[in-house]
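Residues in the sequence shown are numbered consecutively from 16, following the working numbering.
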Amino acid sequence: MKKLALHWKILIGMVLGILFGFIMNSVEGGKGFVTDWIKPFGTIFINLLKLIAVPLILASLIKGISDLKDISKIKKMGIRTMIIYMLTTLVAIVIGLGIVNVVKPGVGMSADTIEKIKTKYETSSDVVDKLTKASAQSNTGPLQSLVDIFPSNIFTSLSDASMLQIIFFALFVGVSLLLIPEKKAKPLMNFFDSLNEVVMKMVDLIMLFAPYAVFALLANVIIAFDDTEILLKLLVYALCVVGGLLLMIGFYLILVSVYTKKSPLWFLKQISPAQLLAFSTSSSAATLPVTMERVEEHLGVDPEVAGFVLPVGATINMDGTSLYQAIAAVFIMQVIWPEGLTFSNQLVIVATALLASIGSAAVPSAGMVMLVIVLESIGFPAELLPIGLALIFAVDRPLDMMRTTVNVTGDATVAMIIAKSLDKLHDDPKPKDWDDNYDDVK
């Protein structure tokens, strides 16, 4: 496997993990073996990625902002980033609504199927947990999301991995460095420059374990599927989401080809390790270190652009999640609340899903929490919410994996667009490997 490119190694690990999961599903005691002896290796890998995510955000953002030398450049990059992220999210929501209204996957679902799904999932701990989290979030004040950006204790924010608060602090430090004499700022700038290099090298080392980790992660995902009949009943709904996500990928490739003048196939090849990890982990935050490494070293985006655009994108740019929310909300209404399918309600879905994407956490299944808020915004009956979540719960994890892949692809696409607009997209990127300096160290 040594001569294979990283994305092929990861792909092989994924395929073997899926096959191994199916085999263990049919073997007595197989599920317990995977849970006890295979899953921990995937968990270790995700923990390592999360370990370096926070120092990477701090180092790359502070370094990137301080390297700009001009505060007006920060404003220009920030405004462009927010506008493009909002526009791509809007496109995703419109694609989702278009597909679900044309295909109508919820129309005609039998009462027996609805009852079976309701019985199996309505009172499950996961569904109840999502409803509880959504209730807590929807009960906050209208400006609570704004208040939550500003930390009262940065060490608490770091330990809780509160991304928006960490991003704010990093921006605050970076701007402050620009406003003091360069001689005074230089030592701290050098520190974060070195920290950024160290963390990026840690990414290279962690990625050596990636093929084995995705094997463990995918094997564990497969053993969780224990009711193929329900999965088949939800196949049309799932295909609507997958079709929408593929259209969104196509939209990104058009943007890359038309605006940055880069080959779509080249783009997919360079970003594929991050996409495959996003698929395996279902977490934009866990994948962020790899996304940054691929975008900077393989796509040629200047570090000062990638260091700003990607951490912000991992927090607020949820194109795949927004598309899923649009399809899921209408699907649920088609099944159990068809009278709510009005044009005005669908416009509210567009607005709410757009705003909800900003507050959606970059962790597995956060989209379901935000889906509850989207449904509540159109007056969906509270007593039907558990049934609504139960309807889509069986296929949420595989769809979550796919929509996270789209989220990460969208972040990389926007980073390239911003870099191109600022003339900071390099034509000849020079990837680094984990052992580049090995001979010098020996």
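Cβ atoms here follow ideal geometry from the backbone N, Cα and C, with glycine treated the same way.
Beta-carbon to beta-carbon, I33 and I237 are separated by about 6 Å, close enough to satisfy the 8 Å threshold.
Taking 9 Å as the cut-off, the Cβ atoms of A149 and P326 do not count as close.
In this structure, L260 lies away from V142, with their beta-carbon atoms at least 9 Å apart. DSSP places V213 in the helix class (H, G or I) of the three-state scheme. Using a C-beta cut-off of 8 Å, the region 301-310 makes contact with the region 279-289, since at least three inter-stretch Cβ pairs fall below that distance.
In this structure, the beta-carbon distance from A231 to F37 does not fall below 9 Å. As a beta-bridge residue in DSSP terms, V316 pairs with L440. Proximity to V229 across P196, I264, T302 peaks at T302, based on C-alpha coordinates. Less than 9 Å divides the Cβ of P318 from the Cβ of K78.
Contact between the region 53-70 and the region 23-31 is not established, with fewer than three Cβ pairs separated by less than 8 Å. Per the coordinates, the alpha-carbon of K84 lies some 12 Å from the alpha-carbon of K90. Under the Cβ criterion (8 Å, minimum of three pairs), the region 109-127 counts as touching the region 348-357. Three or more Cβ pairs closer than 8 Å define a contact, and the region 65-82 meets that threshold against the region 187-206. Counting only residues of its own chain and dropping the five nearest sequence neighbours on each side, V251 has a CB closer than 8 Å to the CB of V118, P120. Three or more beta-carbon pairs separated by less than 8 Å are not found between the region 403-414 and the region 162-176, which leaves the two stretches without contact.
Across the set S139, A321, H22, K133, the C-alpha of A321 shows the shortest separation from the C-alpha of N211. Between M92 and I433 a beta carbon distance of about 6 Å is seen, short of the 8 Å cut, so the two are scored as contacting. The beta carbon of I72 lies closer than 6 Å to those of I181, P326 in the same chain, with the five residues before and after it left out. Ranked by Cα distance from I80, the first of E391, L194, G315 is L194. Going by C-alpha positions, E137 is about 27 Å away from V49. Inclusion of P396 and L146 in the CB contact set at 9 Å is not warranted, their separation being larger than that value.
Each residue's CA atom was taken as its position, placing L192 and L173 some 20 Å apart.
Less than 9 Å separates the beta-carbon of T296 from that of L64. Taking the C-beta atoms as reference points, L440 is found no nearer than 9 Å to K88. Residue burial annotation: G355 is buried, with at least 16 other C-beta atoms found within 10 angstroms of its C-beta. Excluding residues up to 5 positions away in sequence, L440, H441, P444 lie with their Cβ nearer than 6 Å to the Cβ of G315 in the same chain. Under the three-state reduction of DSSP, W352 is assigned to coil, being neither helix nor strand. Annotation for D175: the continuous alpha helix (DSSP H) segment containing it runs 169-175.
Within a 10 Å sphere around the beta-carbon of G328 sit 16 or more other beta-carbons, which makes this residue buried. Y100 sits buried, since 16 or more C-beta atoms from the chains shown fall within 10 Å of its C-beta.
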